[in-house]
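These notes concern the structure reproduced below.
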Amino acid sequence: MAAVGVIRGSLSMLSRRDQSKLVLITSVQMATGFLDLAGVLLLGMVSVISISVVSDAPVPVPVQSIIDRVGLDELSETSLAAYLCIAAGVALVTKSLLSAVLTRRTYRFLANRQAVLSGRLASALLSRPLLEVQARSSQDLAFILTIATQAATVGVLGATSGAVADVALLVVLGLGLTAIDPTVTIFAVAFFGLLAFGLQSGLSGWASRLGRESAEVDIDSYVVIQEAIASYREIMVSDRRGLYADRIQRLRWRSAKNGADSMFMGIVPKFVFEIALVVGALALAISQIATKDLAAAVGIVAVFLVAGSRVMPAVMRMQGATLTIRRAEAPATKALTLAYELSASTGVSLSHPTVAEIRRVLDEGHPDFQPSVRLTDVWLTYAGTETAAVAGVSFAASEGSSIALVGSTGAGKSSIADILLGVVESDSGSALIGGLAPAQTISRWPGGVAYVPQEVALVNGTVRDNVALGLPREAVEDDSVWRALERAHLATFLRESREGLETQIGESGMRLSGGQRQRLGVARALFTRPRLLVLDEATSALDSETEQAIAHTMRDLEGEVTTVIIAHRLATVRHCDLVLYLEGGRVVARGTFDEVRVQSAAFDHQAQLLGL
């Protein structure tokens, strides 16, 4: 995406009101350029008057006419020069202070807009179905929601706002200097303009490439670091830790090189313009002294130097802003692309419950939720595949009953669970929980539906943090957490062997065993007092004794909680009210455990192998 396109796209991410605020702040910054013009002209007059005093020559006519017009002709030349010098200083200092305040306000404003944009993108993303969320890697999404949104707002729009204000300053100074000496103005404009154009041509492509490479390297670094930590046992046993360390070092070396180049690029214009100002002033002085009297020549050169001292920083800031925009193009484009993709479809509205509402649910449960389950002729085919993962599945279960989904890997069990949970939308057919679509059910009774996956996603925090996943601390009562842990048969271990609810479990629960992680997942599901519980291989990592204890807990919930159990261990589902045996996404047998054995020879063979 070209720089102009990125600027327009970033601006479109702001609301109309925020766009107006940004335009207003930028306009005020532009107006401060007249203070620079006043300061430059006043210092030019001081130089002319001072030379006239030293050389005992009359003040040039144009300057004297201005003095007469403003009523300062009665002052001595020394006093006049002093007053004008003070006025120039006030104008220039005021301009600098105002610019500093306005620039800070601009960046603070855009930083706040970045937070709003990140939140808006996160809300839009999390309101989409699971497959749409998983279309991008977690590292890519983390980069977009943090660094990329900053690049699109603070980076692109902040730099653009500053550049527009500096362009206005150059225009104001140019018009003011033209009134004094058009030739000198043309010389200055051509001199600084060609210099800026040359720098832009030489550095623009480099900045764009650095920005693109930095984004890629940062994402790759996140991937490799997470990969090394997640697979630490495997890479230790296979003696590949050194290889991962080398990969991380190579990536960070590339990142460090890009960072050093970026820092150097930012100061190149400073060195170039410092040299150029000296060279330009010498060339102008020689030409002016050769064609004008000394007082006029010195005055022109003084104006050029003063103007240059204001123009040069402005041009350098413009140059820096341009490079910032070029470096921000790649990450900003990622944020804009995600925003456009998310705007193309409408997700569900996200709830933002209060602490009081959360506490009410945790205390009272969901007494008015009747979790009957009904699937009618449900079909689902994943993108990029031709075979249906779920093919015409239908079944119904009453409130408080237990349903088991069994079958070989790839039979469609987890896909049916995802449809029930509302995280995946079926291509056709209907799925109803309590007479409503899954998304409507979850919205109406938050916490009334719970899910325990085979691989429980744990956060790097305390046991309390993980049981009450995502809930604010002030809404969570310890008694409720302990109650859930008791039912998951994890409370005794935490009381006797660890620090209770304050036990730190490490990233992804690495300080717990596999069985303890699964039990923590069960506790999390039971914490909100659900009426529908979906367990996807939720006891596969448990020892036999603990599995039986959890199974006993599930049986205690019968009649109160509707349970949907996915399991390869047939002993786990032996007492379920309805067993569905699936092959190739279809239900090939249904009924009680014994009835399914009669209907399916394959199922009966598996049961015999397990001694059932």
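Each residue of the sequence shown is one higher than the one before, starting from 468 at the first, in our numbering. Ideal placement from N, C-alpha and C gives every residue a C-beta, glycine not left out.
Check whether the Cβ atoms of G678 and R784 sit closer than 9 Å, and answer yes or no. no
Exposure label - L510; buried when at least 16 CB within 10 Å: buried
Distance, Cα to Cα, G506 vs E683? 47 Å
Alpha carbon to alpha carbon, what distance is there between P820 and G832? 15 Å
Span separating the alpha-carbon of G747 from that of S628: 29 Å
Reducing DSSP to helix, strand and coil, say where V690 ends up. helix
Between the stretch 1022-1034 and the stretch 941-949, do three or more beta carbon pairs fall short of 8 Å? no
When the distance is taken between beta carbons, is T995 closer than 9 Å to V828? yes
Close-in-space but distant-in-sequence residues of the same chain around Y711 (CB under 8 Å, 5 per side omitted): V691, E694, A695 and I702
If we ignore side chains and look at the alpha-carbon of each, how far apart do R587 and D687 end up? 25 Å
Where does Q786 land, buried or exposed, given buried means 16+ other C-beta within 10 angstroms? buried
With C-beta atoms as the reference, is L1077 less than 9 Å away from F1060? no
State yes or no: is the C-beta of V860 within less than 9 Å of the C-beta of R1053? yes
L577: first and last residue of the uninterrupted alpha helix (DSSP H) it sits in: E544 to L593
Are the beta-carbon atoms of L1000 and V1031 separated by less than 9 Å? yes
With DSSP collapsed to three states, give me the class of F610. helix
Does the separation of the CB atoms of A655 and G775 fall below 9 Å? yes
For the pair the stretch 731-750 and the stretch 665-676, tell me if three or more CB-CB distances fall below 8 Å. Cβ pair count under 8 Å is three or more, so yes.
What is the rounded straight-line gap between the Cα of R940 and the Cα of S964? Here the alpha carbon of R940 sits roughly 24 Å from the alpha carbon of S964.
Beta-ladder partner(s) of V860, from DSSP: V845
Ordered along the chain, which non-local residues of its own chain (more than five positions away) have a Cβ less than 7 Å from that of A1056? Within the same chain, A1056 has close Cβ partners Y1048, V1063, Q1066, S1067 and F1070.
Check whether the stretch 736-746 and the stretch 791-807 touch, using three or more Cβ-Cβ pairs below 8 Å as the test. no
Classification of Q716 by the beta-carbon crowding that lies within 10 angstroms, buried from 16 upward: exposed
Cβ pair S881, L847 closer than 9 Å: no
Looking at C-beta atoms only, is the number of pairs between the stretch 480-500 and the stretch 553-570 that lie closer than 8 Å three or more? yes
In the DSSP assignment, find the unbroken beta strand (DSSP E) run with E1050 in it and report its ends. Note, E1050: beta strand (DSSP E), L1045 to E1050.
Answer yes or no: do V423 and G967 have a C-beta to C-beta separation smaller than 9 Å? Residue numbering for the chain in the displayed model covers 468 to 1079; residue 423 lies beyond these limits and cannot be assessed.
Buried or exposed for Q985, please, with buried defined as at least 16 other CB atoms from any protein chain shown within 10 angstroms of its CB. Within a 10 Å sphere around the beta-carbon of Q985 sit 16 or more other beta-carbons, which makes this residue buried.
Which residues in the same chain have their Cβ closer than 6 Å to the Cβ of A615, if we skip the five residues on either side of it in sequence? P798, K801 and A802
The ligand ZN heavy atom lying under 8 Å from the CB of K488: As for the ligand ZN, it is missing from this structure, which has no ligand bound.
Indicate the three-state DSSP secondary structure (helix, strand or coil) for D968 in the structure shown. The question names Asp, but residue 968 in the sequence shown is Leu. Helix at L968.
Measure the alpha-carbon distance for V778 versus L772 and round it to whole angstroms. 9 Å
Check whether V490 and C552 have beta carbons under 9 Å apart: no
Taking the straight line between their C-alpha atoms, what separation do you get for C1043 and I870? 6 Å
Run through the DSSP bridge pairs and tell me what I870 is partnered with. V1031 and L1045
Pick helix, strand or coil for D946, following the three-state DSSP scheme. helix
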